[in-house]
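The structure under discussion appears below in the form of C-alpha cells.
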Amino acid sequence: MAAKNIFKMTTPNKTPPGADPKQLERTGTVREIGSQAVWSLSSCKPGFGVDQLRDDNLETYWQSDGSQPHLVNIQFRRKTTVKTLCIYADYKSDESYTPSKISVRVGNNFHNLQEIRQLELVEPSGWIHVPLTDNHKKPTRTFMIQIAVLANHQNGRDTHMRQIKIYTPVEESSIGKFPRCTTIDFMMYRSIR
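For the sequence shown, the UniProt record's numbering gives the first residue as 1, with consecutive numbering after it.
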C-alpha cells in the first residue's frame, strides 16, 4: 500500500457542496458499487441504520447510538477498485449531529486499516466527494473501507449521515473497437452477406 496520504478538506467558511453523484454516473466513467458490499455500523438507533443510509432518500439518515468514533464499515467479497466516496451531510437539518471531522480508512480487514483521507467539514450541506486515489490519481484497490466520524459540530455526541455512495471506474471495453478496414483486401471481408 502507498504511503499515508492525508487529505484535509478545510475551508474558512462553509464546506461547499459537491455535484450530485448521479451526474458522475451519467458520464459513464464510474458506477456505484455499494450494493456489492456488506455494510455494518458501530451502533444505530432502531429504524436509523444501514437501510436508511443506502435508500437513495436524502430525507432519511443513519443515526449512531453510542460513544465516538462512530464507524461505517464497508466490506467487499473480493479486492475491489474504488475511486470516489460520496457522503451526503446536511448541517441545516442535523445541526449538532452533523460530522465535523471524518477519517476514511482502507485495508484488507479490521486489523490492517490505514487512514488515507481525513476531512474537516464546516457546516456541510450537500454531497461531499472524497477521492480514494493515491498521489498519481490511481484508484485504490481494497477489501474494506471504514468511515470514522471523529467529531461532530457543536461537540454533538451522536451523528447523522444521510447517504453514502461508492464509485469504481468503468473499464473500457474492447468490444466494438475494431480497427478500420482501409485496404481493398480488408474491405472485401468487412461485412457478412
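Note that beta-carbon positions come from the ideal geometry of N, C-alpha and C, so glycine has one too.
Smallest Cα separation from residue i: which of the options?
i: Asn-57; options: Val-170, Arg-162 and Gln-75; result: Arg-162
i: Ser-93; options: His-160, Ser-67, Val-122 and Ile-116; result: His-160
i: Thr-84; options: Asp-185, Glu-123, Asp-55 and Ile-147; result: Ile-147
i: Leu-71; options: Arg-77, Gln-63 and Arg-78; result: Gln-63
i: Phe-48; options: Asp-65, Ile-74 and Glu-32; result: Asp-65
i: Leu-150; options: Lys-22, Tyr-61 and Arg-105; result: Arg-105
i: Gln-68; options: Asp-90, Cys-86 and Ser-42; result: Ser-42
i: Ile-164; options: Ser-35, Val-30 and Asn-112; result: Ser-35
i: Gly-126; options: Cys-86, Leu-24 and Phe-76; result: Cys-86
Once the 5 residues before and after residue i are set aside, which same chain residues still bring their CB inside 7 Å of it?
i: Thr-10; result: For Thr-10, the predicted structure reports a pLDDT of 43, less than 50, and the residue's modelled location is therefore unreliable. A value from the coordinates is still provided. Only Glu-120 meet the Cβ criterion.
i: Asn-152; result: Ser-96, Tyr-97, Thr-98, Pro-99, Ser-100 and Thr-159
i: Cys-44; result: Trp-62, Gln-63, Ser-64 and Asp-65
Once the 5 residues before and after residue i are set aside, which same chain residues still bring their CB inside 6 Å of it?
i: Thr-183; result: none
Can you give the Cα-Cα distance for residue i and residue j, rounded to whole angstroms?
i: Ala-37; j: Asn-155; result: 31 Å
i: Arg-78; j: Asp-185; result: 46 Å
i: Ser-96; j: Val-50; result: 21 Å
i: Arg-141; j: Ile-128; result: 21 Å
My understanding is that residue i touches residue j, with C-beta atoms under 8 Å, so please give their C-beta distance in whole angstroms.
i: Ser-103; j: Gln-114; result: No, Ser-103 and Gln-114 are not in contact; Cβ-Cβ is about 10 Å, not under 8 Å.
i: Thr-80; j: Thr-168; result: 7 Å
Which residue marks the beginning of the alpha helix (DSSP H) containing residue i, and which one marks its end?
i: Lys-22; result: 21 to 26
i: Tyr-91; result: 91 to 94
i: Gln-52; result: 50 to 53
First and last residue of the beta strand (DSSP E) that includes residue i?
i: Arg-77; result: 70 to 82
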